[in-house]
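Data block below; observations after.
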Amino acid sequence: MNSLLFLIVQIISLYKYILIIYIIMTWLINFNIFNTSNRFVYSLMEALYKLSEPSLRIVRRYIPNFGNIDISPIIVFLLLEFLQRLLIEYWPR
938 MNSLLFLIVQ IISLYKYILI IYIIMTWLIN FNIFNTSNRF VYSLMEALYK
988 LSEPSLRIVR RYIPNFGNID ISPIIVFLLL EFLQRLLIEY WPR
């Protein structure tokens, strides 16, 4: 059972890294440091969007709109961290 816990924790950690990379890439594109006309950047952003946007969309549905500030990635990241620690602490040994 510990190997299953390790696998779940690693998947959550990987998703957290994907979320951080998506947030940073979005900032870099919005500040015109990266251009989406570059095929590699476009493909990378499309893959990151398809991986992270479903969870962000769920959170955006329930939080109020703060104008241009999007706090949904922070909430998703905190929820993933909470879930990861909860699994580690209460997993039956």
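If you're matching positions, the sequence shown starts at 938 in our numbering and goes up one per residue. Think of the CB as a built atom: it goes at the ideal place given N, C-alpha and C, for glycine as much as any other residue. A quick note: this is a predicted structure, and the numbers were derived from the prediction, not measured.
Which residues bound the alpha helix (DSSP H) around residue i?
i      : result
Trp964 : 939-967
According to DSSP, which residues form a beta bridge with residue i?
i       : result
Phe1003 : Ile1006
Who are the near neighbours of residue i in its chain, counting only those whose CB is closer than 6 Å to its CB and skipping five residues on each side?
i       : result
Leu951  : none
Ser1009 : Leu993, Val996, Arg997
Leu942  : Trp1028
Asn959  : Sequence check: residue 959 is Tyr here, not Asn. Answer for Tyr959: Leu985, Ser989, listed in chain order.
Starting from the Cα of residue i, find the closest Cα among the options and give me that residue.
i      : options                         : result
Ile961 : Pro1001, Leu942, Tyr986, Ser940 : Tyr986
Ile949 : Gln1021, Ala984, Arg1030        : Gln1021
Got a sec? Which residues, its chain only, sit under 7 Å from residue i by beta carbon, not counting five neighbours each side?
i      : result
Val978 : Phe971, Asn972
Lys953 : Phe1014, Leu1017
Ile955 : Leu985, Leu988, Ser989
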